[in-house]
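Trainee: Before I ask anything, let me first share the structure, which is written out below as structure tokens.
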Amino acid sequence: MNTKRISERLEKALSDQMNVEDLQSRTYYSYGIWADDEGYGGIANFLYKHAQEERNHAVKFMKYILNRGGKPSIDALPAPDTDPQNLMNCFEKVFQREVENTESIYRLVELAFEEKDWATWNFLQWFVKEQIEEETLAAELLDKVKIAGGSNASADSLVLLDLEIGQHPQDAPLAREATAENP
Ligand code: FEO
3 MNTKRISERL EKALSDQMNV EDLQSRTYYS YGIWADDEGY GGIANFLYKH AQEERNHAVK
63 FMKYILNRGG KPSIDALPAP DTDPQNLMNC FEKVFQREVE NTESIYRLVE LAFEEKDWAT
123 WNFLQWFVKE QIEEETLAAE LLDKVKIAGG SNASADSLVL LDLEIGQHPQ DAPLAREATA
183 ENP
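Just so we're on the same page, this note's numbering is the position in the sequence shown counted from 1, plus 2.
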């Protein structure tokens, strides 16, 4: 009896996304190594933690495919991105990576919708929400770098920025959780 509850097309697309999340993780490790090497220990720490989050996303895809009777495939990954040129460029790259990942998730949602695979559609909604948080977080961090002076930031403001980002939570608050008392 065939107990597979996912189409081959979606199985492959979800498996590809698992590999994309893995590449995201490696890319954030590479940005973290760059930041560490430049002396931004706090920012490096933030990026390393974020790399772990991306690894967790890959695991969620892996488990989902297996739970639906499919088999994910670990592929050879391309090299992660090149090193950022400066802190501003680092957070521009982070934002860009997240937007690209959101687009990739949206393509999966479309595919699940097309196939009327509501289980997969429902599974993917977690990632739709997660990407709102991740884009918001990346935009917030980019704003912080701009406020500190962007590419012309002084050494003092960079030290403060490094401390602040090092302690920044990994999740951004969502607009739908805002209230008049707690906007
Ligand atoms: Fe797994 Fe930052 O998206």
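Backbone N, C-alpha and C define an ideal beta-carbon position, used for all residues, glycine too. Keep in mind it's a predicted model, so treat the numbers as computed, not measured.
So, with DSSP's three-state summary, where would you put E156?
Mentor: Rather than Glu, the amino acid found at residue 156 in this sequence is Ser. Three-state result, S156: coil.
Trainee: What do you reckon, is the C-beta of E136 under 6 Å from a heavy atom of the ligand FEO?
Mentor: yes
Trainee: Residues in its own chain within less than 8 Å of L68 by CB, not counting five upstream and five downstream?
Mentor: P74
Trainee: By Cβ distance, which residues of its chain are closer than 6 Å to K146, with the 5 residues on each side in sequence left out?
Mentor: Same-chain partners within the cutoff: there are none.
Trainee: If D173 and E137 are in contact, beta carbons under 8 Å, what's the gap, nearest whole angstrom?
Mentor: Contact doesn't hold; Cβ gap of about 12 Å is too wide.
Trainee: Let me know the secondary structure DSSP gives L117 once reduced to three states.
Mentor: As written in the sequence, residue 117 is Glu, which differs from the Leu given in the question. The answer is coil: DSSP assigns E117 none of H, G, I, E or B.
Trainee: Is it right to say T29 is buried, meaning 16 or more other beta carbons lie within 10 angstroms of its own, or is it exposed?
Mentor: buried
Trainee: Does chain C have any CB closer than 7 Å to the CB of A140?
Mentor: Going by chain labels, chain C is absent from the structure shown, which holds only one protein chain.
Trainee: Please determine whether the Cβ atom of H59 lies at a distance below 6 Å from any heavy atom of the ligand FEO.
Mentor: Yes, since a heavy atom of the ligand FEO falls inside the 6 Å radius drawn around the Cβ of H59.
Trainee: For a test of the three-state rule: what should DSSP assign to S9, helix, strand or coil?
Mentor: Coil.
Trainee: Using only CA atoms, which one of F97, I45 and L16 lies nearest to H170?
Mentor: I45
Trainee: Can you check which of these residues, R70, A140 and E55, is closest to L89 by C-alpha distance?
Mentor: A140
Trainee: Between N21 and the ligand FEO, is the CB less than 6 Å from at least one heavy atom?
Mentor: no
Trainee: Under the three-state reduction of DSSP, which class applies to T181: helix, strand or coil?
Mentor: Reduced to three states, the DSSP call for T181 is coil.
Trainee: Is any heavy atom of the ligand FEO found at a distance shorter than 6 Å from the C-beta of E56?
Mentor: yes
Trainee: If you draw a straight line from the alpha carbon of P175 to that of P185, how long is it in whole angstroms?
Mentor: Distance between the alpha carbons of P175 and P185 is about 10 Å.
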